[in-house]
Amino acid sequence: MSNEVGEETIPFLVEQFRTDLRTHLAGVLDAARVHDVQELERESHTLKSVSGTFGALRLQERMRLINEACRRGEHEPAFKLVADVGDIGSLTMKAYQDN
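Each residue of the sequence shown is one higher than the last, beginning at 1 in UniProt numbering.
So this is what it looks like as structure tokens:
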């Protein structure tokens, strides 16, 4: 990544990822809590993309599964997939903390 954007830009990009992660993770959790399928589909899609960009593959895969379940109309399975998303998000956040 540093070859493409420059070493000095990486801390900014990582912090932006962490901000997006917090925002969209909260969106996924809130949408599931109130059973808002449209919002869950939207937020999981966004978080899937953001996670993939930064190589957070476990989170990306979970968001893909949630998003696809929403799109297929499989609402209850989608909500069940959210059960440990908070933990996955926390582990992802920890992995991208400033050292």
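Every residue, glycine too, gets a C-beta built ideally from N, C-alpha and C.
Do residue j and residue i have their beta-carbon atoms positioned less than 8 angstroms apart in this structure?
i: LEU91; j: VAL50; result: no
i: VAL14; j: HIS75; result: no
i: PHE79; j: HIS45; result: no
i: LYS48; j: ARG33; result: no
i: PRO77; j: ALA83; result: no
i: GLY73; j: GLN60; result: no
i: ARG62; j: VAL85; result: yes
My assumption, with CB atoms under 8 angstroms, is that residue i sits in contact with residue j. Please give the rounded CB distance.
i: LEU40; j: GLY89; result: Incorrect: roughly 15 angstroms between the Cβ atoms, too far for contact.
i: ARG42; j: MET93; result: With a Cβ gap of about 21 angstroms, ARG42 and MET93 do not count as contacting.
Considering residue i, what are the terminal residues of the alpha helix (DSSP H) in which it resides?
i: ARG42; result: 37–53
i: VAL85; result: 85–95
Specify the secondary structure class of residue i as computed by DSSP and reduced to three states.
i: GLN60; result: helix
i: ARG72; result: coil
i: VAL28; result: helix
i: VAL34; result: coil
i: VAL14; result: helix
Here's the rule: buried if 16 or more other CB atoms are within 10 angstroms of the residue's CB, otherwise exposed. What is residue i?
i: LEU57; result: exposed
i: ILE10; result: exposed
i: PHE54; result: buried
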